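S.K.:
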Amino acid sequence: MTVTSESLAASVASISPAMLALTGGVLAALILLVIILFLRAAGLRREQAEEADLRARESAMRMAELLKIQAEMQGRITAMAEVFGARQSELNQAINQRLDGMSQRMSSTITEQTKSTHENLQRLQERLAVIDAAQNNIQTLAKDVVGLQAILSDKQTRGAFGQSRMETIVADSLPMGAYAFQQTLSNGSRPDCTIRMPNGAPPLVIDAKFPLEAWNAIRDAAGSPDAAKLAGQQFRRDMEIHIRDIAEKYLIQGETQDTAFLFVPSESIFAELHENFEPVVQKAHRARIVIVSPSLLMLSIQVIQAVLKDQRMQAQAHLIQGEVALLMDDLGRLDERVRKLQGHFAMAQKDIDMVVTSADKLTRRGAKIEALEFEAGGDIRPARDDETPAKSVESRTGLLKLRVVDEE
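Number 393 in numbering that gives the first Met the number 0 belongs to position 394 of the sequence shown; there are no gaps in the numbering.
#1: Between which two residues does the beta strand (DSSP E) carrying aspartate 206 extend?
#2: What residues in its chain sit with their C-beta under 8 Å from that of valine 280, if we drop five residues either side in the sequence?
#3: Under three-state DSSP, which class holds isoleucine 194?
#4: Within the same chain, show all residues whose beta-carbon is closer than 7 Å to that of leucine 419, passing over the 5 residues directly before and after it, in chain order.
#5: Report the residue from Arg164, Met18, Glu212 whose alpha carbon sits nearest the alpha carbon of glutamine 233.
#6: Using the beta-carbon count (16 or more within 10 Å), is methionine 62 buried or exposed?
#7: So what's alanine 133 in DSSP terms, helix, strand or just coil?
#8: Taking the alpha carbon of asparagine 163 as the point to measure from, which residue in Leu184, Asp191, Ser172 has its own alpha carbon closest?
#9: Does DSSP put alanine 200 in a helix, in a strand, or in coil?
#10: Quick check on DSSP: helix, strand or coil for leucine 31?
#11: Alpha carbon to alpha carbon, how far is leucine 330 from leucine 98?
#12: In whole angstroms, what is the alpha-carbon distance linking proline 293 and isoleucine 168?
#13: Using DSSP with H/G/I as helix, E/B as strand and the rest coil, what is phenylalanine 276?
#14: Can you tell me whether serine 299 is buried or exposed? The criterion is at least 16 other CB atoms within 10 Å of its CB, across all chains shown.
#15: On the DSSP bridge list, what partners appear for alanine 179?
#16: Starting from phenylalanine 234, follow the alpha helix (DSSP H) in both directions and report where the run begins and ends.
#17: Measuring CA to CA, which of Arg195, Gln181, Gly222, Gly187 is closest to lysine 208?
#18: Taking the straight line between their C-alpha atoms, what separation do you get for isoleucine 35 and isoleucine 351?
#19: Check this for me: beta carbons of glutamine 256 and methionine 196, under 8 Å apart or not?
#20: Going by DSSP, what residues sit across from phenylalanine 260 in a beta bridge?
#21: Look at aspartate 206 and phenylalanine 260 and say whether their C-beta atoms are less than 8 Å apart.
#22: Go ahead and pull the three-state DSSP assignment for methionine 18.
#23: Within the same chain, show all residues whose beta-carbon is closer than 6 Å to that of serine 269, passing over the 5 residues directly before and after it, in chain order.
#24: Cβ of isoleucine 194 within 8 Å of Cβ of leucine 203?
#25: Note down the Cα distance separating serine 58 from alanine 51, rounded to an integer number of angstroms.
#26: Starting from the N-terminal side, write out each stretch of the alpha helix (DSSP H) that is 4 residues or longer and does not extend beyond the segment 322–351.
#27: Should methionine 238 go down as buried or exposed, given a rule of 16 or more other Cβ atoms within 10 Å for buried?
#28: My output table needs one value for threonine 110: the three-state DSSP class, helix, strand or coil.
#29: By a C-beta neighbour count over all protein chains shown, 10 Å radius and 16 as the cutoff for buried, is histidine 343 buried or exposed?
#30: Since glycine 253 contacts proline 210 with CB under 8 Å, what's their CB separation in whole angstroms?
#31: Using the C-alpha atoms, what's the distance from alanine 347 back to arginine 39?
#32: So does the segment 220–229 actually touch the segment 168–179, counting three or more Cβ pairs closer than 8 Å?
#33: One question on the structure: do alanine 177 and leucine 296 come within less than 8 Å of each other, judged by their Cβ atoms?
#34: What residue from Leu333, Met327, Arg54, Ile240 has the CA that sits closest to isoleucine 349's CA?
#35: For glycine 84, count neighbouring Cβ atoms within 10 angstroms of its own Cβ and tell me buried if that reaches 16, exposed if not.
#36: Please return the same chain residues whose Cβ sits closer than 7 Å to the Cβ of glycine 231, not counting the five positions on each side in sequence.
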(Lines of atoms letter the chains of each structure in order from A and count residues from 1; the text may use other names and numbers.)
(Lines give C-alpha, C1' and ligand atoms only; values in the text may rest on other atoms or scores of the structure.)
Protein backbone atom coordinates (compact mmCIF):
# COMPACT_ATOMS: atom_id res chain seq x y z
CA MET A 1 0.00 0.00 0.00
CA THR A 2 1.39 3.41 -0.89
CA VAL A 3 1.17 6.03 1.86
CA THR A 4 0.70 9.51 0.42
CA SER A 5 1.40 12.77 2.07
CA GLU A 6 -2.24 13.57 2.09
CA SER A 7 -3.10 10.46 4.07
CA LEU A 8 -0.28 11.13 6.52
CA ALA A 9 -1.46 14.65 7.03
CA ALA A 10 -4.93 13.42 7.57
CA SER A 11 -3.72 10.94 10.19
CA VAL A 12 -1.80 13.61 12.01
CA ALA A 13 -4.73 15.93 11.84
CA SER A 14 -6.92 13.27 13.30
CA ILE A 15 -4.79 13.21 16.46
CA SER A 16 -6.00 15.60 19.02
CA PRO A 17 -3.77 18.44 20.16
CA ALA A 18 -4.00 17.22 23.72
CA MET A 19 -2.43 13.88 22.83
CA LEU A 20 0.37 15.59 20.98
CA ALA A 21 1.07 17.86 23.95
CA LEU A 22 1.05 14.94 26.37
CA THR A 23 3.47 12.95 24.21
CA GLY A 24 5.86 15.88 23.90
CA GLY A 25 5.74 16.46 27.65
CA VAL A 26 6.60 12.82 28.39
CA LEU A 27 9.56 12.94 26.03
CA ALA A 28 10.80 16.16 27.56
CA ALA A 29 10.45 14.71 31.06
CA LEU A 30 12.43 11.61 30.06
CA ILE A 31 15.18 13.74 28.56
CA LEU A 32 15.30 15.89 31.68
CA LEU A 33 15.45 12.79 33.91
CA VAL A 34 18.35 11.40 31.86
CA ILE A 35 20.17 14.72 32.20
CA ILE A 36 19.61 14.78 35.97
CA LEU A 37 20.86 11.20 36.36
CA PHE A 38 23.92 12.00 34.28
CA LEU A 39 24.67 15.06 36.41
CA ARG A 40 24.21 13.01 39.58
CA ALA A 41 26.60 10.30 38.35
CA ALA A 42 29.17 12.96 37.46
CA GLY A 43 28.80 14.48 40.96
CA LEU A 44 29.25 11.09 42.60
CA ARG A 45 32.38 10.39 40.58
CA ARG A 46 33.76 13.81 41.51
CA GLU A 47 33.03 13.17 45.18
CA GLN A 48 34.70 9.75 44.99
CA ALA A 49 37.78 11.29 43.35
CA GLU A 50 37.94 13.98 46.02
CA GLU A 51 37.56 11.37 48.76
CA ALA A 52 40.34 9.21 47.24
CA ASP A 53 42.59 12.27 47.00
CA LEU A 54 41.82 13.15 50.63
CA ARG A 55 42.66 9.62 51.79
CA ALA A 56 45.93 9.68 49.81
CA ARG A 57 46.92 12.95 51.49
CA GLU A 58 46.00 11.53 54.89
CA SER A 59 48.11 8.42 54.20
CA ALA A 60 51.08 10.60 53.20
CA MET A 61 50.67 12.68 56.36
CA ARG A 62 50.52 9.53 58.52
CA MET A 63 53.62 8.12 56.84
CA ALA A 64 55.51 11.39 57.41
CA GLU A 65 54.41 11.40 61.05
CA LEU A 66 55.56 7.78 61.51
CA LEU A 67 58.95 8.60 59.97
CA LYS A 68 59.25 11.61 62.27
CA ILE A 69 58.40 9.46 65.32
CA GLN A 70 60.95 6.86 64.22
CA ALA A 71 63.65 9.51 63.84
CA GLU A 72 62.83 10.88 67.31
CA MET A 73 63.03 7.39 68.84
CA GLN A 74 66.38 6.74 67.15
CA GLY A 75 67.66 10.04 68.51
CA ARG A 76 66.47 9.15 72.02
CA ILE A 77 68.07 5.70 71.82
CA THR A 78 71.36 7.24 70.64
CA ALA A 79 71.26 9.78 73.48
CA MET A 80 70.57 7.04 76.04
CA ALA A 81 73.46 4.95 74.66
CA GLU A 82 75.77 7.94 74.97
CA VAL A 83 74.60 8.61 78.54
CA PHE A 84 75.07 4.98 79.56
CA GLY A 85 78.51 4.90 77.92
CA ALA A 86 79.53 8.02 79.80
CA ARG A 87 78.24 6.57 83.08
CA GLN A 88 80.15 3.32 82.41
CA SER A 89 83.34 5.26 81.70
CA GLU A 90 82.89 7.29 84.89
CA LEU A 91 82.30 4.10 86.88
CA ASN A 92 85.41 2.43 85.42
CA GLN A 93 87.46 5.56 86.15
CA ALA A 94 86.20 5.68 89.73
CA ILE A 95 87.00 1.99 90.24
CA ASN A 96 90.50 2.44 88.83
CA GLN A 97 91.09 5.43 91.09
CA ARG A 98 89.93 3.47 94.10
CA LEU A 99 92.17 0.52 93.23
CA ASP A 100 95.16 2.83 92.72
CA GLY A 101 94.50 4.59 96.01
CA MET A 102 94.06 1.27 97.77
CA SER A 103 97.31 -0.08 96.30
CA GLN A 104 99.16 3.02 97.46
CA ARG A 105 97.66 2.78 100.94
CA MET A 106 98.48 -0.92 101.15
CA SER A 107 102.07 -0.29 100.04
CA SER A 108 102.53 2.50 102.56
CA THR A 109 100.87 0.41 105.27
CA ILE A 110 103.14 -2.57 104.55
CA THR A 111 106.18 -0.29 104.69
CA GLU A 112 105.05 1.21 107.96
CA GLN A 113 104.24 -2.22 109.35
CA THR A 114 107.66 -3.58 108.42
CA LYS A 115 109.32 -0.59 110.03
CA SER A 116 107.17 -0.99 113.12
CA THR A 117 108.00 -4.71 113.25
CA HIS A 118 111.71 -4.03 113.21
CA GLU A 119 111.30 -1.42 115.92
CA ASN A 120 109.26 -3.84 118.00
CA LEU A 121 111.91 -6.53 117.57
CA GLN A 122 114.57 -4.12 118.69
CA ARG A 123 112.59 -3.14 121.73
CA LEU A 124 111.89 -6.81 122.40
CA GLN A 125 115.57 -7.58 122.40
CA GLU A 126 116.15 -4.77 124.86
CA ARG A 127 113.42 -6.14 127.09
CA LEU A 128 114.88 -9.65 126.86
CA ALA A 129 118.20 -8.25 128.01
CA VAL A 130 116.45 -6.66 130.98
CA ILE A 131 114.68 -9.98 131.67
CA ASP A 132 117.99 -11.85 131.56
CA ALA A 133 119.26 -9.50 134.26
CA ALA A 134 116.37 -10.28 136.61
CA GLN A 135 116.21 -13.85 137.93
CA ASN A 136 112.64 -13.72 139.08
CA ASN A 137 111.41 -12.52 135.71
CA ILE A 138 113.40 -15.28 134.02
CA GLN A 139 111.75 -17.94 136.15
CA THR A 140 108.28 -16.54 135.41
CA LEU A 141 109.05 -16.48 131.70
CA ALA A 142 110.33 -20.07 131.88
CA LYS A 143 107.06 -21.17 133.44
CA ASP A 144 105.11 -19.43 130.71
CA VAL A 145 107.21 -21.06 128.00
CA VAL A 146 106.70 -24.46 129.57
CA GLY A 147 102.96 -23.87 129.62
CA LEU A 148 103.02 -22.86 125.95
CA GLN A 149 105.02 -25.94 125.05
CA ALA A 150 102.50 -28.08 126.86
CA ILE A 151 99.72 -26.48 124.83
CA LEU A 152 101.63 -26.93 121.56
CA SER A 153 102.91 -30.40 122.28
CA ASP A 154 101.70 -32.05 119.03
CA LYS A 155 101.08 -31.04 115.40
CA GLN A 156 97.31 -31.02 115.69
CA THR A 157 97.39 -28.58 118.58
CA ARG A 158 99.86 -26.30 116.75
CA GLY A 159 97.74 -26.49 113.62
CA ALA A 160 94.61 -25.67 115.61
CA PHE A 161 96.39 -22.68 117.17
CA GLY A 162 97.37 -21.20 113.77
CA GLN A 163 94.07 -22.13 112.15
CA SER A 164 92.13 -20.54 115.00
CA ARG A 165 93.89 -17.20 114.49
CA MET A 166 93.40 -17.41 110.72
CA GLU A 167 89.69 -18.28 111.03
CA THR A 168 89.14 -15.40 113.46
CA ILE A 169 90.71 -12.89 111.05
CA VAL A 170 88.74 -14.22 108.05
CA ALA A 171 85.41 -14.44 109.89
CA ASP A 172 85.76 -10.90 111.31
CA SER A 173 86.61 -9.35 107.91
CA LEU A 174 84.40 -11.13 105.35
CA PRO A 175 80.62 -11.70 105.25
CA MET A 176 79.06 -15.14 105.52
CA GLY A 177 79.13 -17.01 102.24
CA ALA A 178 82.35 -15.35 101.03
CA TYR A 179 84.59 -18.02 102.59
CA ALA A 180 84.59 -21.69 103.59
CA PHE A 181 86.67 -23.73 106.05
CA GLN A 182 87.88 -27.29 105.34
CA GLN A 183 86.23 -27.42 101.91
CA THR A 184 87.01 -30.55 99.90
CA LEU A 185 88.60 -30.01 96.47
CA SER A 186 88.35 -32.25 93.41
CA ASN A 187 91.63 -34.06 94.29
CA GLY A 188 90.35 -34.92 97.78
CA SER A 189 92.50 -32.38 99.66
CA ARG A 190 90.93 -30.10 102.26
CA PRO A 191 92.59 -26.68 102.65
CA ASP A 192 92.17 -24.77 105.89
CA CYS A 193 90.27 -21.92 104.19
CA THR A 194 89.00 -20.95 100.73
CA ILE A 195 87.89 -17.40 99.91
CA ARG A 196 85.44 -16.93 97.06
CA MET A 197 86.61 -14.33 94.53
CA PRO A 198 84.33 -11.93 92.59
CA ASN A 199 83.14 -12.30 88.97
CA GLY A 200 83.07 -16.09 89.17
CA ALA A 201 86.86 -16.40 89.57
CA PRO A 202 88.31 -19.51 91.31
CA PRO A 203 88.65 -19.31 95.11
CA LEU A 204 91.82 -18.34 96.97
CA VAL A 205 93.35 -21.05 99.21
CA ILE A 206 94.86 -20.28 102.66
CA ASP A 207 96.96 -22.83 104.55
CA ALA A 208 97.62 -22.39 108.31
CA LYS A 209 99.89 -25.44 108.97
CA PHE A 210 103.17 -23.66 109.73
CA PRO A 211 106.06 -25.97 110.84
CA LEU A 212 106.29 -24.48 114.32
CA GLU A 213 108.25 -27.42 115.81
CA ALA A 214 111.30 -26.77 113.63
CA TRP A 215 111.11 -23.12 114.51
CA ASN A 216 111.04 -23.95 118.22
CA ALA A 217 114.14 -26.12 117.66
CA ILE A 218 115.93 -23.05 116.29
CA ARG A 219 114.88 -21.13 119.39
CA ASP A 220 116.15 -23.87 121.67
CA ALA A 221 119.51 -24.04 119.87
CA ALA A 222 120.22 -20.32 120.21
CA GLY A 223 123.23 -20.91 122.51
CA SER A 224 124.99 -23.45 120.26
CA PRO A 225 126.08 -22.45 116.73
CA ASP A 226 126.25 -26.04 115.46
CA ALA A 227 122.83 -26.95 116.86
CA ALA A 228 121.39 -23.69 115.49
CA LYS A 229 122.80 -24.48 112.04
CA LEU A 230 121.31 -27.99 112.07
CA ALA A 231 118.00 -26.65 113.32
CA GLY A 232 118.03 -23.99 110.58
CA GLN A 233 118.66 -26.62 107.90
CA GLN A 234 115.85 -28.77 109.26
CA PHE A 235 113.50 -25.77 109.33
CA ARG A 236 114.48 -24.93 105.72
CA ARG A 237 113.75 -28.51 104.59
CA ASP A 238 110.43 -28.58 106.42
CA MET A 239 109.40 -25.26 104.84
CA GLU A 240 110.36 -26.42 101.33
CA ILE A 241 108.44 -29.66 101.76
CA HIS A 242 105.42 -27.78 103.08
CA ILE A 243 105.56 -25.27 100.19
CA ARG A 244 105.78 -28.10 97.64
CA ASP A 245 102.82 -29.87 99.26
CA ILE A 246 100.73 -26.69 99.10
CA ALA A 247 101.62 -26.16 95.41
CA GLU A 248 100.77 -29.77 94.50
CA LYS A 249 97.55 -30.10 96.53
CA TYR A 250 95.93 -26.68 96.44
CA LEU A 251 96.99 -25.05 93.15
CA ILE A 252 94.55 -26.73 90.74
CA GLN A 253 94.18 -25.27 87.27
CA GLY A 254 90.70 -23.81 86.74
CA GLU A 255 89.51 -24.77 90.26
CA THR A 256 91.63 -22.55 92.51
CA GLN A 257 93.69 -19.40 92.11
CA ASP A 258 97.24 -19.63 90.74
CA THR A 259 98.47 -18.23 94.09
CA ALA A 260 97.95 -19.55 97.64
CA PHE A 261 98.60 -18.04 101.09
CA LEU A 262 100.77 -19.67 103.76
CA PHE A 263 99.67 -18.18 107.08
CA VAL A 264 102.30 -17.54 109.79
CA PRO A 265 100.58 -17.05 113.17
CA SER A 266 103.15 -14.54 114.54
CA GLU A 267 104.50 -11.21 113.33
CA SER A 268 107.94 -11.87 114.90
CA ILE A 269 108.27 -15.26 113.16
CA PHE A 270 107.27 -13.59 109.87
CA ALA A 271 109.94 -10.89 110.31
CA GLU A 272 112.74 -13.34 111.20
CA LEU A 273 111.70 -15.62 108.35
CA HIS A 274 112.17 -12.79 105.82
CA GLU A 275 115.37 -11.65 107.49
CA ASN A 276 117.19 -14.96 108.02
CA PHE A 277 115.59 -17.36 105.49
CA GLU A 278 115.36 -15.30 102.29
CA PRO A 279 115.93 -18.35 99.98
CA VAL A 280 112.85 -20.03 101.47
CA VAL A 281 110.78 -16.91 100.82
CA GLN A 282 112.07 -16.69 97.22
CA LYS A 283 111.28 -20.34 96.59
CA ALA A 284 107.79 -19.80 97.94
CA HIS A 285 107.35 -16.87 95.53
CA ARG A 286 108.51 -18.98 92.59
CA ALA A 287 106.00 -21.65 93.60
CA ARG A 288 103.27 -18.96 93.77
CA ILE A 289 102.98 -19.31 97.56
CA VAL A 290 102.71 -16.03 99.47
CA ILE A 291 103.77 -16.13 103.14
CA VAL A 292 101.51 -13.81 105.13
CA SER A 293 101.42 -12.69 108.76
CA PRO A 294 98.19 -11.81 110.62
CA SER A 295 98.51 -8.16 109.59
CA LEU A 296 99.17 -8.96 105.92
CA LEU A 297 96.31 -11.44 105.88
CA MET A 298 94.00 -8.81 107.32
CA LEU A 299 95.10 -6.27 104.69
CA SER A 300 94.67 -8.77 101.86
CA ILE A 301 91.19 -9.69 103.06
CA GLN A 302 90.26 -6.00 103.27
CA VAL A 303 91.36 -5.59 99.64
CA ILE A 304 89.24 -8.60 98.63
CA GLN A 305 86.31 -7.18 100.58
CA ALA A 306 86.60 -3.85 98.74
CA VAL A 307 86.71 -5.66 95.38
CA LEU A 308 83.64 -7.68 96.33
CA LYS A 309 81.82 -4.51 97.32
CA ASP A 310 82.71 -2.81 94.03
CA GLN A 311 81.59 -5.93 92.14
CA ARG A 312 78.22 -5.89 93.90
CA MET A 313 77.83 -2.19 93.16
CA GLN A 314 78.66 -2.77 89.51
CA ALA A 315 76.16 -5.63 89.33
CA GLN A 316 73.46 -3.38 90.77
CA ALA A 317 74.39 -0.66 88.25
CA HIS A 318 73.95 -3.11 85.35
CA LEU A 319 70.61 -4.17 86.83
CA ILE A 320 69.43 -0.56 87.06
CA GLN A 321 70.55 0.11 83.48
CA GLY A 322 68.68 -2.97 82.28
CA GLU A 323 65.51 -1.89 84.09
CA VAL A 324 65.78 1.63 82.62
CA ALA A 325 66.17 0.17 79.12
CA LEU A 326 63.10 -2.02 79.61
CA LEU A 327 61.17 0.97 80.97
CA MET A 328 62.09 3.05 77.92
CA ASP A 329 61.00 0.21 75.61
CA ASP A 330 57.62 0.01 77.36
CA LEU A 331 57.30 3.81 77.20
CA GLY A 332 58.04 3.80 73.47
CA ARG A 333 55.45 1.10 72.81
CA LEU A 334 52.87 2.98 74.89
CA ASP A 335 53.54 6.22 72.98
CA GLU A 336 53.21 4.41 69.64
CA ARG A 337 49.93 2.77 70.62
CA VAL A 338 48.46 6.02 71.95
CA ARG A 339 49.32 7.77 68.70
CA LYS A 340 47.77 4.95 66.69
CA LEU A 341 44.60 5.15 68.81
CA GLN A 342 44.50 8.92 68.32
CA GLY A 343 44.78 8.42 64.56
CA HIS A 344 41.94 5.87 64.61
CA PHE A 345 39.70 8.30 66.50
CA ALA A 346 40.54 11.10 64.04
CA MET A 347 39.78 8.87 61.04
CA ALA A 348 36.49 7.75 62.58
CA GLN A 349 35.46 11.37 63.22
CA LYS A 350 36.30 12.32 59.63
CA ASP A 351 34.33 9.35 58.28
CA ILE A 352 31.30 10.34 60.39
CA ASP A 353 31.49 13.94 59.12
CA MET A 354 31.67 12.70 55.54
CA VAL A 355 28.68 10.38 56.07
CA VAL A 356 26.64 13.27 57.51
CA THR A 357 27.60 15.45 54.53
CA SER A 358 26.56 12.74 52.06
CA ALA A 359 23.22 12.27 53.88
CA ASP A 360 22.57 16.02 53.69
CA LYS A 361 23.34 16.03 49.99
CA LEU A 362 21.02 13.07 49.37
CA THR A 363 18.25 14.79 51.34
CA ARG A 364 18.57 17.99 49.28
CA ARG A 365 18.64 16.12 46.00
CA GLY A 366 15.54 14.10 47.00
CA ALA A 367 13.78 17.35 47.78
CA LYS A 368 14.70 18.69 44.34
CA ILE A 369 13.35 15.60 42.58
CA GLU A 370 10.19 15.74 44.66
CA ALA A 371 9.71 19.40 43.67
CA LEU A 372 9.41 18.57 39.93
CA GLU A 373 5.75 19.13 38.71
CA PHE A 374 4.08 18.62 35.34
CA GLU A 375 0.87 20.46 34.32
CA ALA A 376 -1.16 20.44 31.18
CA GLY A 377 -2.83 23.78 31.88
CA GLY A 378 -1.69 27.22 31.27
CA ASP A 379 -0.40 28.34 34.65
CA ILE A 380 2.16 26.68 36.89
CA ARG A 381 1.11 25.65 40.38
CA PRO A 382 2.31 28.12 42.97
CA ALA A 383 5.43 26.99 44.73
CA ARG A 384 5.72 26.60 48.47
CA ASP A 385 7.40 29.19 50.57
CA ASP A 386 10.50 27.04 51.15
CA GLU A 387 10.94 26.19 47.47
CA THR A 388 13.24 27.93 45.03
CA PRO A 389 11.51 30.09 42.39
CA ALA A 390 10.92 28.04 39.21
CA LYS A 391 11.56 28.91 35.58
CA SER A 392 8.72 28.49 33.12
CA VAL A 393 9.49 26.75 29.88
CA GLU A 394 6.84 26.65 27.16
CA SER A 395 6.79 23.77 24.74
CA ARG A 396 6.43 24.36 21.03
CA THR A 397 3.78 21.64 20.73
CA GLY A 398 1.27 23.11 23.13
CA LEU A 399 0.71 24.81 26.39
CA LEU A 400 2.93 22.45 28.41
CA LYS A 401 4.89 24.37 30.99
CA LEU A 402 7.75 22.81 32.98
CA ARG A 403 9.09 24.24 36.23
CA VAL A 404 12.83 23.66 36.57
CA VAL A 405 14.43 23.96 40.02
CA ASP A 406 17.72 25.84 40.05
CA GLU A 407 20.77 23.82 41.11
CA GLU A 408 22.28 24.99 44.31
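A virtual CB, placed ideally from N, CA and C, is assigned to each residue, including glycine. Note that the structure is a prediction, hence the values are computed from the model and not measured.
M.R.: Reading it off the structure:
#1: Mapped onto the sequence shown, residue 206 falls at position 207. Boundaries of the beta strand (DSSP E) harbouring aspartate 206: 203–206, taken from the DSSP string.
#2: The count along the sequence shown starts at 1 and reaches residue 280 at position 281. Leaving aside the five residues that flank valine 280 on each side, the residues in its chain whose CB is nearer than 8 Å to its CB run, in chain order, Leu272, His273, Ile290.
#3: Start at 1 with the first residue of the sequence shown, and residue 194 comes out as number 195. In the three-state reduction of the DSSP assignment, isoleucine 194 falls in the strand class, which pools E and B.
#4: Since the first residue shown for the chain is 0 and the last is 407, residue 419 is missing from the structure and cannot be characterised.
#5: The residue you call residue 233 lines up with position 234 of the sequence shown. Checked all of Arg164, Met18, Glu212; the closest Cα to glutamine 233 is Glu212.
#6: Here the question's residue 62 lines up with position 63 in the sequence shown. It counts as exposed.
#7: In the sequence shown, counting from the first residue as 1, residue 133 sits at position 134. Residue state for alanine 133 is assigned as coil, using DSSP reduced to three classes.
#8: What you label residue 163 is simply residue 164 of the sequence shown in a count that begins at 1. Going by the sequence as given, residue 163 is serine instead of asparagine. Nearest of Leu184, Asp191, Ser172 to serine 163, Cα basis: Asp191.
#9: Here residue 200 refers to the residue found at position 201 when the sequence shown is read from its first residue. Three-state result, alanine 200: coil.
#10: Residue numbering aside, residue 31 sits at position 32 when the sequence shown is read from its first letter. For leucine 31, the three-state secondary structure derived from DSSP is helix.
#11: Here residue 330 refers to the residue found at position 331 when the sequence shown is read from its first residue. Here residue 98 refers to the residue found at position 99 when the sequence shown is read from its first residue. For the pair leucine 330 and leucine 98, the Cα-to-Cα distance works out to about 39 Å.
#12: Here residue 293 corresponds to residue number 294 of the sequence shown, with the count starting at 1. Here residue 168 corresponds to residue number 169 of the sequence shown, with the count starting at 1. One C-alpha to the other measures close to 8 Å.
#13: Walking along the sequence shown from the start, residue 276 turns up at place 277. Assigned with DSSP and collapsed to three states, phenylalanine 276 falls in coil, not helix or strand.
#14: The residue given as residue 299 occupies position 300 in the sequence shown. Per the 10 Å Cβ criterion, buried.
#15: Residue mapping note: residue 179 aligns to position 180 of the sequence shown, counting from 1. DSSP, once it has assigned bridges, lists Thr193 as partnering alanine 179.
#16: The residue you call residue 234 lines up with position 235 of the sequence shown. Taken as a continuous stretch (DSSP letters only), the alpha helix (DSSP H) holding phenylalanine 234 covers 224–249.
#17: Along the sequence shown, read from residue 1 onward, the residue named residue 208 stands at position 209. Minimum Cα distance to lysine 208 is reached at Gln181.
#18: Here residue 35 corresponds to residue number 36 of the sequence shown, with the count starting at 1. Here residue 351 corresponds to residue number 352 of the sequence shown, with the count starting at 1. Separation of isoleucine 35 and isoleucine 351 (C-alpha to C-alpha, rounded to the nearest whole angstrom) is 27 Å.
#19: For the purposes of this step, residue 256 is taken as residue 257 along the sequence shown, with counting starting at 1. For the purposes of this step, residue 196 is taken as residue 197 along the sequence shown, with counting starting at 1. Yes, these two residues count as a Cβ contact at 8 Å.
#20: The count along the sequence shown starts at 1 and reaches residue 260 at position 261. Its beta-bridge partners are Ile205, Val289.
#21: Position 207 of the sequence shown, counting from 1, holds the residue named residue 206. Position 261 of the sequence shown, counting from 1, holds the residue named residue 260. Cβ atoms of aspartate 206 and phenylalanine 260: closer than 8 Å.
#22: Here residue 18 refers to the residue found at position 19 when the sequence shown is read from its first residue. It is helical.
#23: Working through the sequence shown from its first residue, we reach residue 269 at position 270. Note on residue identity: the sequence assigns phenylalanine, not serine, to residue 269. The answer, listed in chain order, is Val263, Ser292.
#24: Indexing the sequence shown from 1 puts residue 194 at position 195. Indexing the sequence shown from 1 puts residue 203 at position 204. Contact: yes.
#25: Here residue 58 corresponds to residue number 59 of the sequence shown, with the count starting at 1. Here residue 51 corresponds to residue number 52 of the sequence shown, with the count starting at 1. Between the C-alpha atoms of serine 58 and alanine 51 there is a straight-line separation of about 10 Å.
#26: For the segment 322–351, not a single whole alpha helix (DSSP H) run of length 4 or above is found.
#27: Translated into the one-based positions of the sequence shown, residue 238 becomes position 239. With a 10 Å radius around the Cβ and a threshold of 16 neighbouring Cβ atoms, methionine 238 comes out buried.
#28: Counted from its first residue, the sequence shown places residue 110 at position 111. DSSP places threonine 110 in helix when its eight states are reduced to three.
#29: Locating residue 343 in the sequence shown gives position 344, counting from the first residue. Around the CB of histidine 343, fewer than 16 other CB atoms lie within 10 Å, so the residue is classed as exposed.
#30: Indexing the sequence shown from 1 puts residue 253 at position 254. Indexing the sequence shown from 1 puts residue 210 at position 211. Rounded to the nearest angstrom, the Cβ distance from glycine 253 to proline 210 is 30 Å, too far for a contact under 8 Å.
#31: Mapped onto the sequence shown, residue 39 falls at position 40. Mapped onto the sequence shown, residue 347 falls at position 348. Roughly 27 Å separates the two Cα atoms.
#32: Contact fails: fewer than three Cβ-Cβ distances are below 8 Å.
#33: Walking along the sequence shown from the start, residue 177 turns up at place 178. Walking along the sequence shown from the start, residue 296 turns up at place 297. Against a cut-off of 8 Å, the Cβ pair of leucine 296 and alanine 177 comes out as no contact.
#34: The count along the sequence shown starts at 1 and reaches residue 349 at position 350. Rather than isoleucine, the amino acid found at residue 349 in this sequence is lysine. Of the candidates Leu333, Met327, Arg54, Ile240, the one whose C-alpha sits nearest the C-alpha of lysine 349 is Arg54.
#35: Position 85 of the sequence shown, counted from the start, is the residue given in the question as residue 84. By the beta-carbon neighbour count (other beta carbons within 10 angstroms, threshold 16), glycine 84 is exposed.
#36: Residue mapping note: residue 231 aligns to position 232 of the sequence shown, counting from 1. These residues qualify, in order along the chain: Ile217.
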